[in-house]
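Enquirer:
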Amino acid sequence: MGATSEYGRRPGSGGLFQTLAAGLDQAEREQTLKLIRQRLYADRAAAAAGQRERQVDVGTRTRARRRRDNPDEPKR
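Counting from 20, one number per residue, gives the positions in the sequence shown under the numbering used here.
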């Protein structure tokens, strides 16, 4: 049995999952919560084994281009 919070639940269980699934129909809610739990368990196991993957930026932002300033070249 793992550590529990002051409310008698395991940390990261229950309330947060329910909040994330609010507004979904029953089938979508069950599938979403299942995926979250699977990923959470896998992340915890990897962290315990010392192999936690790096967080990466997977958003839609584009990165700023890097340009070397050459004082002899006119700016565009």
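For every residue, glycine included, the Cβ atom is placed at its ideal position computed from N, Cα and C.
#1: For Leu-35, I'd like the list of residues in its chain whose CB is within less than 8 Å of its CB, leaving aside the five on either flank, ordered along the chain.
#2: Just verifying my parser: in three-state terms, what is the DSSP assignment at Ala-40?
#3: Can you tell me which of the three DSSP states Gly-34 falls into?
#4: Look at Ala-41 and Leu-52 and say whether their C-beta atoms are less than 8 Å apart.
#5: What residue range is occupied by the uninterrupted alpha helix (DSSP H) comprising Ala-68?
Expert: Short version:
#1: Scanning its chain for C-beta atoms nearer than 8 Å, with the 5 sequence neighbours on each side dropped, one finds no residue around Leu-35.
#2: In the structure shown, Ala-40 sits in coil (DSSP, three-state: anything other than H, G, I, E or B).
#3: The DSSP-derived three-state label of Gly-34 is helix.
#4: For Ala-41 and Leu-52, no; Cβs fall outside 8 Å.
#5: Bounds of any alpha helix (DSSP H) do not take in Ala-68, whose DSSP letter is neither H nor E.
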